[in-house]
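J.:
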Amino acid sequence: MTNFRCFSFLLPFVVVCLPQAPPVHAQDTEKEAADSVFSGPQVGEALPGFNVTSLVDESEGQVFDPVADAKGQPIVLVFIHELTRPGFGLMRAVTKFAAERKDKGMNVGVVFLTDDATATATWSKNVQRLFSDNVKYGMFMEGKEGPGAYGLNRNVIVTVLVGNQGKVTGNFALVQPQLQVDGPAILESVVAVSGGGKVPSMDALEARYAGRSRMTRGNQNDRPENGSRSGAGNTNRDPKLTALLRGVINKQATNEEVRQAASQVEEYVAKNENAKKELARIVATVVNSGRLKNYGNPEAQKLLQSWFQEYKTEIRINGEQPNATPESSSKQE
5 MTNFRCFSFL LPFVVVCLPQ APPVHAQDTE KEAADSVFSG PQVGEALPGF NVTSLVDESE
65 GQVFDPVADA KGQPIVLVFI HELTRPGFGL MRAVTKFAAE RKDKGMNVGV VFLTDDATAT
125 ATWSKNVQRL FSDNVKYGMF MEGKEGPGAY GLNRNVIVTV LVGNQGKVTG NFALVQPQLQ
185 VDGPAILESV VAVSGGGKVP SMDALEARYA GRSRMTRGNQ NDRPENGSRS GAGNTNRDPK
245 LTALLRGVIN KQATNEEVRQ AASQVEEYVA KNENAKKELA RIVATVVNSG RLKNYGNPEA
305 QKLLQSWFQE YKTEIRINGE QPNATPESSS KQE
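Numbering of the sequence shown is given in this note's numbering, commencing with residue 5 and proceeding in unit increments.
(1) I believe residue 194 touches residue 95 by the beta-carbon criterion, under 8 Å. Please report the beta-carbon distance rounded to the nearest angstrom.
(2) Using three-state DSSP, classify residue 246 as helix, strand or coil.
(3) What does the alpha-carbon distance come out to for the pair residue 300 and residue 291?
(4) So, under 8 Å CB-CB, residue 183 and residue 149 are touching, yes? Tell me the CB distance rounded to an integer number of Å.
(5) Helix, strand or coil for residue 257, going by three-state DSSP, please let me know.
(6) Which residue wins for smallest C-alpha separation from residue 127, given the options 270, 285, 143, 138?
(7) Is residue 90 buried or exposed, if buried means 16 or more other CB atoms sit within 10 Å of its CB?
(8) Across the stretch 255–266 and the stretch 275–290, are there enough close Cβ pairs to call them in contact, namely three or more that are closer than 8 Å?
(9) Check this for me: beta carbons of residue 307 and residue 273, under 8 Å apart or not?
(10) In three-state terms, what does DSSP make of residue 143?
(11) My output table needs one value for residue 116: the three-state DSSP class, helix, strand or coil.
(12) Would residue 99 and residue 58 be called neighbours here (beta carbons separated by less than 8 Å)?
(13) Go through its chain and collect everything with a Cβ distance to residue 53's Cβ below 8 Å, but skip five positions before and after it.
(14) Rounded to a whole number of angstroms, what is the C-alpha to C-alpha distance between residue 247 and residue 80?
(15) If you drop the 5 nearest sequence neighbours on each side, which residues of the same chain put their C-beta closer than 8 Å to that of residue 203?
(16) Quick check on the DSSP output: the beta strand (DSSP E) that includes residue 58 runs from which residue to which?
(17) Is it right to say residue 271 is buried, meaning 16 or more other beta carbons lie within 10 angstroms of its own, or is it exposed?
(18) Do residue 77 and residue 48 have their C-beta atoms closer together than 8 Å?
(19) State the CB to CB distance for the pair residue 200 and residue 51, rounded to an integer number of angstroms; the pair is presumed to be in contact (CB under 8 Å).
(20) Can you tell me where the alpha helix (DSSP H) holding residue 167 begins and where it ends?
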């Protein structure tokens, strides 16, 4: 068995190129790579069997093959490449929804890819309460690349495969997992192989499943929710606003992309008073935190400072104090 390394909780963003692609100009390669991220067998390809080690209490340590156990029936496989709160929330919502279709033959498996089996097993004991019935949880013991026959991309956060009759019917390689963005297509793929039916709204799904999930308390990759969850004790965060803000604070975004994302945020809050108040709380929390430089690129940080100034009256209206100015925040850095 290879030596294992500890989990990395960084959120990687990579450019993925097809190794056998014909020579093209550099700018064409970059555009193609940005538009296409591949991980795992594609639609129509076979789902090979592979072994994982169970993380569930009653079967802990036992080896099983989730594909073989499905016996050709519908299956959802979720590969967790990196542990992040958005990825864990998406996994939990998707798998709970799929598991509720067990009577229609649906099989559900979650595979944690790890270089440190001991750390993963220890972590899993702390989150057993978040594991769902009728879902098989296991870790792949031979490294973060996953089963060799699958060709998984270790630079994505989550890979979701939906299959039926031993073949892939849906493939979702997620660099920035977002239930509101990625959930509908995944659930439509699940429904398509398990008897059809209505796909719930993502708001309803998040409220029912992902909104209650916690990987652990502290020291998890929280990204944009940091401000919204801690600011003013607001637990009813707006999932659409959260998704829009991710585009603003994406460290890999260009200045133009940041400005475009910011325009979408401003357009949304202009029509939604509650969202405007929540944005005010979020930017106040970020600016007052002394960690503004952790959020996006310099263009994004300027926008957050600008929003702090523009919307701080919303904080006063709600009886809160804006406290910091952009200048004082910069000094704290």
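Glycine is no exception: its CB is placed at the ideal position from the N, C-alpha and C atoms.
T.: A quick look at the data gives this:
(1) Residue 194 to residue 95, Cβ: 13 Å. No contact.
(2) helix
(3) 13 Å
(4) That pair is no contact at about 26 Å.
(5) coil
(6) 143
(7) buried
(8) no
(9) no
(10) strand
(11) strand
(12) no
(13) 69, 71, 72
(14) 24 Å
(15) 188, 191, 192, 195
(16) 56–58
(17) exposed
(18) no
(19) In fact, because the Cβ distance is near 21 Å, the residues do not count as touching under 8 Å.
(20) Premise fails: residue 167 lies in the beta strand (DSSP E), 162–168, not in any alpha helix (DSSP H).
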